[in-house]
Every structure is written in C-alpha cells, then in structure tokens.
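Residue numbering for the sequence shown follows UniProt numbering, starting at 1 and increasing by one per position. These notes concern the structure reproduced below.
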Amino acid sequence: MNTIQKGRVFSLVQRSLVTGGENQDLDSLYSIGQLVCDKLLDSNVSCLEISMDGTLLMIGDTEGKVSIAEIYSKQIIRTIQTLTTSQASVGEVTNILVNPYRTESGDQLFEGATTGKHTSGSNGNNSLKIPNLQRVIFDNQNKSLSHDIWYQIGEPETEADPSLALPLNDFNGYLEHIKSQESMFAHMGRISSDVKVVGTETDAVSSFDDQTAKDEEITELKANVEALTHAYKELRGMHEKLYEEHQHVLDKL
Numbered sequence: 001m002n003t004i005q006k007g008r009v010f011s012l013v014q015r016s017l018v019t020g021g022e023n024q025d026l027d028s029l030y031s032i033g034q035l036v037c038d039k040l041l042d043s044n045v046s047c048l049e050i051s052m053d054g055t056l057l058m059i060g061d062t063e064g065k066v067s068i069a070e071i072y073s074k075q076i077i078r079t080i081q082t083l084t085t086s087q088a089s090v091g092e093v094t095n096i097l098v099n100p101y102r103t104e105s106g107d108q109l110f111e112g113a114t115t116g117k118h119t120s121g122s123n124g125n126n127s128l129k130i131p132n133l134q135r136v137i138f139d140n141q142n143k144s145l146s147h148d149i150w151y152q153i154g155e156p157e158t159e160a161d162p163s164l165a166l167p168l169n170d171f172n173g174y175l176e177h178i179k180s181q182e183s184m185f186a187h188m189g190r191i192s193s194d195v196k197v198v199g200t201e202t203d204a205v206s207s208f209d210d211q212t213a214k215d216e217e218i219t220e221l222k223a224n225v226e227a228l229t230h231a232y233k234e235l236r237g238m239h240e241k242l243y244e245e246h247q248h249v250l251d252k253l
C-alpha cells in the first residue's frame with residue numbers, strides 16, 4: 001500500500017516482516033520511504049471510526065464484521081458479527097455510527113436483554129439478528145408503502161427512564177420533554193450572575209466611595225452655578241451701560 005504526502009511516496013511495511021525486529025531504526029526506514037505499521041486484521045478494511053474518547057478504533061471489513069480494537073494496546077477486544085445469517089446478502093461495512101450510551105445501555109446492547117430477563121436462544125444473542133423477511137410486491141407509485149425497518153436493539157430507553165420520550169414512540173411526549181428543557185434553559189438565562197459580597201468592611205468602603213462621588217458632584221454643581229452667576233452679572237452690567245449710552249443720545253437730540 002502506498003500513500004502520497006507532499007510529493008513523496010511512502011510504502012507501508014508490516015512490523016513482523018521487518019528484519020531488524022524491535023531494534024530496527026524507524027528513522028532510517030522513513031528516510032527511504034517506508035512506514036512500519038502493525039497488522040490487526042487479515043480481512044480487507046472498508047470503514048474506520050474512532051470512539052469519542054479516542055481510545056477505541058472501530059474497523060469494518062469487507063465481510064460485514066466490525067472489530068473493536070484498543071488503540072493503546074493494539075488488541076482487538078470485541079468483534080461484532082453481521083446482523084444477517086444469509087451469506088448471500090453479506091456485504092462490506094460502508095458506514096459506522098458512534099452514539100453515546102449509558103453503562104447499563106451499553107451492556108444491554110451486547111447482551112440483548114436486561115438483568116433478570118431472558119429471551120429465546122442462548123442468552124439473548126438472537127436479539128441482535130434482524131428477523132427473517134419475506135418477499136413482497138412493492139408499488140413505487142403507492143407512497144403509503146414503505147420498506148423501512150425499525151428494529152430496537154436491547155431494551156428501549158423509555159423503559160429504563162420513563163421521562164425520556166422518543167419521537168418515534170410518543171411524539172407529543174417528546175415535544176413536552178423538549179419544551180420543559182427549553183423553559184429550563186430560558187429560566188437559567190434570566191438568572192443574574194452578579195455576586196454581591198456582604199461584609200462590614202466592604203459596606204464601609206462602598207458607602208465612602210458613594211459619599212466621595214456625591215461630594216465631587218456637589219462641588220462641580222457649585223462651580224457651574226458660580227460661573228453662571230458671574231456671566232449673568234457681566235451681561236447685566238453691559239446692558240445697563242448700553243442703556244445709559246442710549247439715554248444720553250436721546251437727551252442730546
């Protein structure tokens with residue numbers, strides 16, 4: 001297998017085939033365009049996905065199986081078989097979806113039943129299998145017909161927690177649940193995040209600052225009043241002087 005990076009072509013070499021073993025200088029191999037990798041599966045890989053915490057690697061192969069490997073130890077810890085028993089319909093894994101589950105839900109996913117409940121078959125292993133389907137005539141013109149298969153793996157979430165309403169099972173309940181969550185977030189958004197510190201020293205400092213601000217404001221107002229009074233006196237003096245000059249002019253006439 002070759003890969004191209006910035007104009008260089010690298011070849012992948014299996015670690016067990018390296019003649020130098022563990023003491024082989026990896027830098028020298030890199031300089032000649034070889035990358036040493038570990039081999040985990042004999043099947044051809046068709047799809048890869050990593051867990052949300054970055055510790056597990058899901059590997060889908062062309063035989064329809066999914067292997068879960070631990071990245072740190074490079075060991076396969078679980079293998080998920082194909083969902084169908086028919087070899088004719090087995091195909092390669094084209095997509096892997098990773099969803100978060102609670103611990104008990106994750107155990108149910110692989111066990112197929114909750115503690116204390118047993119299904120037909122060996123320990124509920126058949127619960128992961130898609131039921132046998134029959135061939136039916138499908139009319140493309142009839143929109144009411146659907147070939148979608150809804151299949152629940154393990155116990156529904158609503159049985160473990162009745163407050164969780166799934167949109168496919170109870171749409172109105174799901175809307176009410178979303179509405180309650182939205183109102184909760186809206187209420188939390190109106191909460192003031194200001195923290196008031198109550199204490200004798202803090203109150204004294206705050207009152208002193210308020211009194212100082214008031215004194216400065218009073219001083220500024222007094223200065224403004226004095227300036228306005230002085231300006232008014234100047235205007236009044238000018239007016240009286242002009243009136244006297246006007247009176248002298250009239251007397252001369």
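Idealized CB from N, CA, C, for every residue including glycine.
query: Contact the stretch 57-69 vs the stretch 22-36: 3+ CB pairs below 8 Å; result: no
query: Start and end residues, beta strand (DSSP E) containing L35; result: Q34 to C37
query: Entirely enclosed alpha helix (DSSP H) segments - the stretch 55-91, minimum 4 residues; result: none
query: Beta-carbon proximity list for Q14, same chain, < 6 Å, skipping 5 on both sides; result: K39
query: Residue environment, S67, which counts as buried when at least 16 other CB atoms sit within 10 Å; result: buried
query: Cβ separation of A69 and I77, assumed to be a contact under 8 Å, to the nearest whole Å; result: 7 Å
query: Residues bridged to L221 [DSSP beta-bridge criterion]; result: Looking at the DSSP assignment, L221 forms no beta bridge with any residue, so it has no partner.
query: Nearest residue (CA-CA) to S43, options Y174, E92 and E245; result: E92
query: Other residues of its chain near residue 255: CB distance less than 7 Å, five sequence neighbours each side excluded; result: Lying outside 1 to 253, the shown extent of the chain, residue 255 is not represented and no answer is given.
query: DSSP state of residue 257 mapped onto helix, strand, coil; result: Past the edges of the chain, shown from 1 to 253, lies residue 257, and the structure says nothing about it.
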